[in-house]
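J.: In the numbering used here, the protein residues as written are 4 to 233. Where a beta carbon is used, it is the ideal one built from N, C-alpha and C, also for glycine.
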Amino acid sequence: MGAYYFATCDGKTFVVFDNKEKGVSFWERKRIPPYDMRKETNLEEFVEKLLQDIVSLERGVKAWSPLDEAFVHRLKVLHERLVPLIYESIENVVETDNAFKKEYEKWLDEQGWKIEKTINEKIAVEAAYILINKILFYKVLETKYGKLPKLRKIEQLFEKDILRVFRQRLEECFKKALKIDYQAVFQPGIYDQIPLPLGVVQRLNEFLNEASEYDLSKIESDVIGRIYEG
Numbered sequence: 004m005g006a007y008y009f010a011t012c013d014g015k016t017f018v019v020f021d022n023k024e025k026g027v028s029f030w031e032r033k034r035i036p037p038y039d040m041r042k043e044t045n046l047e048e049f050v051e052k053l054l055q056d057i058v059s060l061e062r063g064v065k066a067w068s069p070l071d072e073a074f075v076h077r078l079k080v081l082h083e084r085l086v087p088l089i090y091e092s093i094e095n096v097v098e099t100d101n102a103f104k105k106e107y108e109k110w111l112d113e114q115g116w117k118i119e120k121t122i123n124e125k126i127a128v129e130a131a132y133i134l135i136n137k138i139l140f141y142k143v144l145e146t147k148y149g150k151l152p153k154l155r156k157i158e159q160l161f162e163k164d165i166l167r168v169f170r171q172r173l174e175e176c177f178k179k180a181l182k183i184d185y186q187a188v189f190q191p192g193i194y195d196q197i198p199l200p201l202g203v204v205q206r207l208n209e210f211l212n213e214a215s216e217y218d219l220s221k222i223e224s225d226v227i228g229r230i231y232e233g
């Protein structure tokens, strides 16, 4: 309590936040551009650089990271965490669900691919990316179409229930968006048939909570473009 700054670190990325302004949501707090801890081999040198950056910020020599940049970074981190979980789900469902495997093989054949580890990894990367973009795009649409149901965090459900309810909630919201337009974004396909494991649902559920605190109407169009380019 009363600290001027606080920091978060997941073992890969270290981020320092400004804590001097009260009543500001997490996503609206000023922050230092994130540090990639995988590149920091000397802890003493990193601490010295960190303190120098803080002094530069206080003196106005160094600029805080724009909020939009912080949001884009958060999406990248989320994507990195979802990919291995979705890959594991693909490997599992191919082994246990013959109906899915048959349809999956047919779809891969149309793309000129076959079931193998490297292809499943590629599909996991794309599936995670598409799912995050669907959720983000829907949250942006919420700010423009007041009649759309709000996609919010699901609270206090048993493990077996949250998997089913979360999937149903996504499908219901995306179908509503399809009735407006946006077939290119929300049209269901093979990616939507990949079972979402608990770890994915938990992370997306928390992301929905975070996104609800962030004023997505402030995001500039070029930021959305950078997300798609990323």
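1. Using the three-state DSSP reduction, which class does Asp56 fall into: helix, strand or coil?
2. Using the beta-carbon count (16 or more within 10 Å), is Ile183 buried or exposed?
3. Three or more C-beta pairs under 8 Å: does that hold for the stretch 87-105 against the stretch 136-149?
4. Whole angstroms are fine: how far does the CA of Ala130 sit from the CA of Val19?
5. By a C-beta neighbour count over all protein chains shown, 10 Å radius and 16 as the cutoff for buried, is Ala66 buried or exposed?
6. Which one or two residues does DSSP pair with Val19 in a beta bridge?
7. Counting only the same chain and skipping the five closest in sequence on each side, list residues whose C-beta sits under 6 Å from that of Tyr194.
8. Under the assumption that Lys179 contacts Leu151 (Cβ atoms under 8 Å), give the Cβ distance between them as a whole number of angstroms.
9. Check Tyr185 in the structure and name its three-state DSSP category.
10. Which two residues bound the contiguous alpha helix (DSSP H) that contains Leu144?
11. With the cut-off set at 8 Å, would you say Ser92 and Ile197 are in Cβ contact?
12. Throw me the rounded Cβ distance for the Ile35 and Asp13 pair, which I believe falls under 8 Å.
13. For the stretch 166-181 and the stretch 196-214, state whether three or more C-beta atom pairs, one from each stretch, are separated by less than 8 Å.
14. Using 10 angstroms around the beta-carbon of Pro191, count the other beta-carbons present and answer buried if the total reaches 16, otherwise exposed.
15. For Asp39, which beta-bridge partners are listed by DSSP?
16. Kindly indicate which three-state DSSP category Tyr90 falls into: helix, strand or coil?
17. Which residue wins for smallest C-alpha separation from Lys41, given the options Val86, Ser59, Glu51, Phe17?
T.: According to the structure data:
1. On the sequence shown, residue 56 is found 53 positions in, with the first residue counted as 1. The three-state reading of DSSP puts Asp56 in helix, counting H, G and I together.
2. Taking the first residue of the sequence shown as 1, we reach residue 183 at position 180. With fewer than 16 Cβ atoms within 10 Å of its Cβ, Ile183 is classed as exposed.
3. Judged by Cβ distances under 8 Å, the stretch 87-105 makes no contact with the stretch 136-149, as fewer than three pairs qualify.
4. As a working mapping, residue 19 is identified with position 16 in the sequence shown. As a working mapping, residue 130 is identified with position 127 in the sequence shown. When rounded, the distance between both Cα atoms is 31 Å.
5. Walking along the sequence shown from the start, residue 66 turns up at place 63. By the beta-carbon neighbour count (other beta carbons within 10 angstroms, threshold 16), Ala66 is exposed.
6. As a first step, residue 19 is located in the sequence shown; it is residue number 16 there, counting from the start. Ala10.
7. Locating residue 194 in the sequence shown gives position 191, counting from the first residue. Excluding five sequence positions before and after Tyr194, the CB atoms of its chain that fall closer than 6 Å to its own CB belong to Ala130, Ile133, given in chain order.
8. Sequence index remark: in the sequence shown, residue 179 carries index 176 (1-based). Sequence index remark: in the sequence shown, residue 151 carries index 148 (1-based). Confirmed, about 6 Å.
9. Residue mapping note: residue 185 aligns to position 182 of the sequence shown, counting from 1. Assignment of Tyr185 by DSSP, reduced to helix, strand and coil, places it in the coil class.
10. Here residue 144 refers to the residue found at position 141 when the sequence shown is read from its first residue. Here the alpha helix (DSSP H) through Leu144 covers 120-145.
11. If you number the sequence shown from 1, residue 92 lands on position 89. If you number the sequence shown from 1, residue 197 lands on position 194. Cβ distance < 8 Å, so Ser92 and Ile197 count as in contact.
12. One-based indexing of the sequence shown puts residue 35 at position 32. One-based indexing of the sequence shown puts residue 13 at position 10. About 16 Å separates the two Cβ atoms, so there is no contact after all.
13. Counting C-beta pairs with one atom in each stretch, the stretch 166-181 and the stretch 196-214 have three or more that are closer than 8 Å, which means they touch.
14. One-based indexing of the sequence shown puts residue 191 at position 188. Exposed, because fewer than 16 other Cβ atoms sit within 10 Å of the Cβ of Pro191.
15. To locate residue 39, count along the sequence shown from 1; it is residue 36. Note: Asp39 is bridge-paired with Thr16 in the DSSP secondary-structure output.
16. In the sequence shown, counting from the first residue as 1, residue 90 sits at position 87. Secondary structure of Tyr90 (DSSP, three-state): helix.
17. Mapped onto the sequence shown, residue 41 falls at position 38. First, the residue type needs correcting, since residue 41 is Arg and not Lys in the sequence shown. Ranking Val86, Ser59, Glu51, Phe17 by Cα distance to Arg41 puts Phe17 first.
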